[in-house]
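Okay, structure first, notes after.
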Amino acid sequence: MNTTTQTALRPAARRAPAARNPFKGQHRRRMLQADLLTVIAWASLAGAVALWLADGGAAGFSTLAGAFTAVGIVAGLAGMDLVLLMLLLAARLPVIDGAVGHDRALEFHRKLGKPSLYLLLAHGVLLAIGYGLAEGLDPVSEAVALWVLVPDMWLAYVSMALFIAVVVTSLVAVRRRFPYEFWYAVHLLTYAAVLTSLPHQFSVGGLFAEGTWQRWYWLAVCIGTGAALVHYRVLEPIVATVRHQLRVSRVVAVGHGVVSIEMAGRHLDELSGSGGRFFIWRFLAPGQWWHPHPFSLSAEPLQLDADGGGRLRITVRNLGRGSAALARLKPGTRVAVEGPYGLFSTASRSRRHVVMIGAGIGITPIRALLERTPFEPGDATVILRGHSPSGLYLGDEILELCQRRGATLFHLTGRRPRGAQTWLPESEARSGYRLASYVPELADADVYVCGPAGWALNVLDDARRAGVREEQLHYERFDW
Amino acid sequence: MRIRAVVSATLASAGILIAGWQSGTHVADTASATGTTAGPASAGSTGAGTGTTGSAGSGAGSSSKSSSGSAGSSAAASGSTGSSGASSNAGGTFAGDVVQTRFGSVQVQISVTGGKITDVTALQLTDEDRRSVQISNRAAPLLRAEVLKAQSANVQTISGATVTSSAYLTSLQAALDAAHL
């Protein structure tokens with residue numbers, strides 16, 4: 001039997017069940033924020049179409065050529081609006097990250113990819129047909145004429161080709177065949193695609209001719225998006241890197257292929273409370289500096305002196321070539337940092353009870369969350385899952401934290417049964433255990449799950465079947 | 481929560497679209513209003529001329545309905561140029577060719593007194609869609625002022641109205657040729 005179950009501390013007496021839920025207000029505000037963002041996103045799309053309607057665009061439907069042109073223009077406006085929304089979703093805006101989390105934002109970002117491409121393709125094709133009909137040309141000749149004769153249009157064609165390349169390389173089937181770096185490099189072309197598409201919008205499209213309020217609106221939206229990207233993806237990371245002055249202080253082996261990287265820096269008190277949230281790290285060593293690593297803290301930052309000088313720690317496993325090189329980092333290596341990002345933290349708590357479930361290297365953010373997220377003794381459950389006891393990384397630290405804070409701890413080790421959809425080891429699964437077997441108050445608890453994607457989905461399914469609502473489930477995806 | 485988001489997003493989007501639609505019909509109204517005021521204005525400006533003015537006015541009236549028909553009437557208008565060609569340097573009104581563009585037809589008419597261009601009237605301007613009408617309404621007065629100053633078709637095109645400007649100047653050149661200026 002390679003399974004151990006440990007109970008760190010059972011509350012002597014259960015307190016009154018009607019205890020107040022301290023996270024109710026926070027949860028309500030976050031849901032309101034998410035709803036507001038949804039409304040703004042849809043309103044921006046409606047706004048893009050309204051720009052054209054306000055220009056009397058609907059009158060174009062009186063002729064066949066006009067109808068093609070009108071639909072083409074609307075498709076272009078809507079497509080560009082979606083592209084801008086996609087950029088904002090990937091811009092790591094605190095207002096979006098704090099409402100839905102980084103991974104959900106990127107999920108929406110991915111969902112918008114194909115619709116926006118289809119709209120932009122429709123824009124090109126329909127306008128070639130519409131203009132062609134008006135001039136008595138076939139669409140192909142019209143497209144060639146537009147390319148040759150109309151200024152800025154060749155840039156628009158380049159932009160279209162770039163957009164196609166970006167979306168195609170992001171399709172799951174295609175993405176799996178290439179290394180992450182290739183996809184990343186092609187994805188950077190998005191910026192080139194957007195920039196090359198801008199001139200024709202303002203010079204060829206009559207809607208944004210000089211002196212129209214529509215031109216000002218569109219300029220404001222484009223410039224606002226660009227400014228948000230520059231601020232949150234370039235300036236903030238540089239400021240954080242310069243402010244915290246992080247350097248690797250030591251690299252400690254934690255288990256087979258797993259290392260903890262400790263870093264020393266300044267003003268680390270500002271990063272406390274972000275346990276469970278993740279940062280993007282770049283180790284500024286030769287051959288490594290360009291490789292961003294998304295890792296959570298595996299411990300709250302330790303403050304050593306009054307001005308915030310201190311240490312923090314991440315724990316990583318050799319998952320790829322990039323991660324393997326991390327084990328050989330030399331002390332003194334400078335570290336660039338972006339973040340914290342994500343909602344795998346106290347900020348997403350909605351209930352008094354909390355359940356934290358981690359598997360493999362996914363245990364490390366659980367460790368940081370456990371350290372600080374507020375709960376009364378007896379209100380928290382920690383479940384660690386690994387192939388063997390040596391795979392329960394930081395297990396000793398977690399046991400100590402559970403004892404100190406009064407959380408219930410379970411260690412679940414062993415292989416899972418063949419062919420069965422379960423997150424449990426074979427013996428537990430055969431005994432008919434479920435998540436609710438470990439956590440009686442599951443339906444009224446926040447459930448934090450971190451681990452490999454397939455395993456995590458099984459945990460989430462189990463929780464849903466026990467009546468846990470979607471808003472109580474907190475699962476951060478770390479794979480790209 | 482999600483229902484709340486869906487309902488408010490739907491209401492907000494519908495509101496924005498309706499507001500856009502309403503102001504769009506408003507734009508259409510004002511555009512047609514300026515169209516009708518432009519008619520009498522051009523008739524008034526060419527009031528100095530004689531019978532040819534009347535035909536030009538009717539030509540403009542028919543052109544607003546169908547652009548192909550106006551091409552025919554413009555030929556007639558240039559025919560009238562021939563009748564007034566005898567008194568070219570003395571003065572009169574001369575209509576230029578109809579120039580077709582992606583955004584509609586353009587035709588201008590000049591009034592000449594004592595060998596000088598005293599007025600330029602647009603008989604037709606790019607009016608394919610509301611935007612073109614707005615661009616035309618902006619560009620035409622500027623072009624007219626430039627032409628009156630330069631006394632030729634050798635003036636700069638208006639930025640943001642390149643197509644309209646070049647068609648305007650092409651038609652103008654034809655009118656100047658007709659007037660032997």
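Quick note, the sequences are listed as chains Z and A, same order.
Residues in the first sequence are numbered consecutively from 1, following the working numbering.
Residues in the second sequence are numbered consecutively from 481, following the working numbering.
Glycine included, C-beta positions come from ideal geometry on N, C-alpha and C.
All figures in this text were calculated on a predicted structure; none of them were measured in a lab.
A Cβ-Cβ distance of about 6 Å is found for the pair A:V586 and A:S651, placing them in contact under the 8 Å criterion. Taking 8 Å as the upper bound for CB-CB distance, Z:L312 and Z:M356 are not in contact here, some 20 Å apart. In this structure, Z:L112 lies near Z:L82, with their beta-carbon atoms less than 8 Å apart. Residues of chain A whose Cβ lies closer than 9 Å to the Cβ of Z:A54 are, in chain order, A499, G500, W501, Q502, S503, G504, H506, V507. Within the region 267 to 344 of chain Z, the runs of beta strand (DSSP E) at least 3 residues long that lie entirely inside it are, in chain order, 278 to 283, 293 to 303, 310 to 317, 334 to 341.
Judged by their CB atoms, Z:R372 and Z:T346 are nearer to each other than the 8 Å cut-off. In the structure shown, the three-state DSSP call for Z:D446 is strand. Each of Z:V172, Z:F283, Z:G467 was checked against the Cα of Z:K330, and the nearest Cα belongs to Z:F283.
For Z:D97, the closest Cβ of chain A is not nearer than 8 Å. Contacts between A:S639 and chain Z, judged by CB atoms closer than 9 Å, involve E210 in chain order.
Judged by DSSP secondary structure, Z:F68 falls within the alpha helix (DSSP H) whose first and last residues are 64 to 89.
Following the DSSP letters along the chain, one finds Z:S260 inside the beta strand (DSSP E) bounded by residues 258 to 265.
Exclusion of the five residues before and after Z:L343 leaves G101 as the residues of its chain whose Cβ lies within less than 6 Å of its Cβ. When rounded, the separation of the alpha-carbon atoms in Z:G339 and Z:P294 is 10 Å. For A:I597, the closest Cβ of chain Z is not nearer than 8 Å. Annotation for Z:N458: Q421, T422, W423 place their beta carbon closer than 8 Å to its own, counting only its chain and skipping 5 residues before and after.
Note that the C-beta distance between Z:W42 and Z:V74 is not below 8 Å. When the beta-carbon positions are compared, A:G500 and Z:V39 stay at least 8 Å from each other. Using beta-carbon distances, A:I590 does not count as an interface residue toward chain Z, since no partner is under 8 Å. As computed with DSSP, A:G571 is found in a beta bridge with A:T593. Burial state of Z:E181 is exposed, judged by a 10 Å Cβ sphere holding fewer than 16 other Cβ atoms. In this chain, the beta strand (DSSP E) harbouring A:Q580 covers 579 to 581.
In this structure A:A633 does not touch A:R618 by the C-beta definition: roughly 19 Å separates them, more than the 8 Å allowed. Z:G56 is the residue among Z:A34, Z:H27, Z:H474, Z:G56 whose C-alpha sits nearest the C-alpha of A:I498. For the alpha helix (DSSP H) assignment, the uninterrupted runs of no fewer than 4 residues enclosed by the region 122 to 149 of chain Z are, from N- to C-terminal side, 139 to 149. DSSP places Z:G255 within a strand segment (E or B) once states are collapsed to three. Assignment of beta-bridge partners to A:D657 by DSSP yields no partner. Between Z:P365 and Z:G276, the CB-CB gap stays under 8 Å. By the Cβ rule, the region 255 to 272 of chain Z does not count as touching the region 116 to 133 of chain Z, because fewer than three pairs are nearer than 8 Å. DSSP places Z:F410 within a strand segment (E or B) once states are collapsed to three.
For Z:L424, the three-state secondary structure derived from DSSP is coil.
Within 10 angstroms of the beta-carbon of A:E626 lie 16 or more other beta-carbons, which makes it buried.
If you ignore the 5 residues before and after Z:E300, its C-beta comes within less than 7 Å of the C-beta of S272, G275, A368, E371, R372, all in its own chain and listed in chain order.
In the three-state reduction of the DSSP assignment, Z:G47 falls in the helix class, which pools H, G and I. If you look at Z:T381, you'll find it in the beta strand (DSSP E) that goes 380 to 386. Z:V167 sits buried, since 16 or more C-beta atoms from the chains shown fall within 10 Å of its C-beta.
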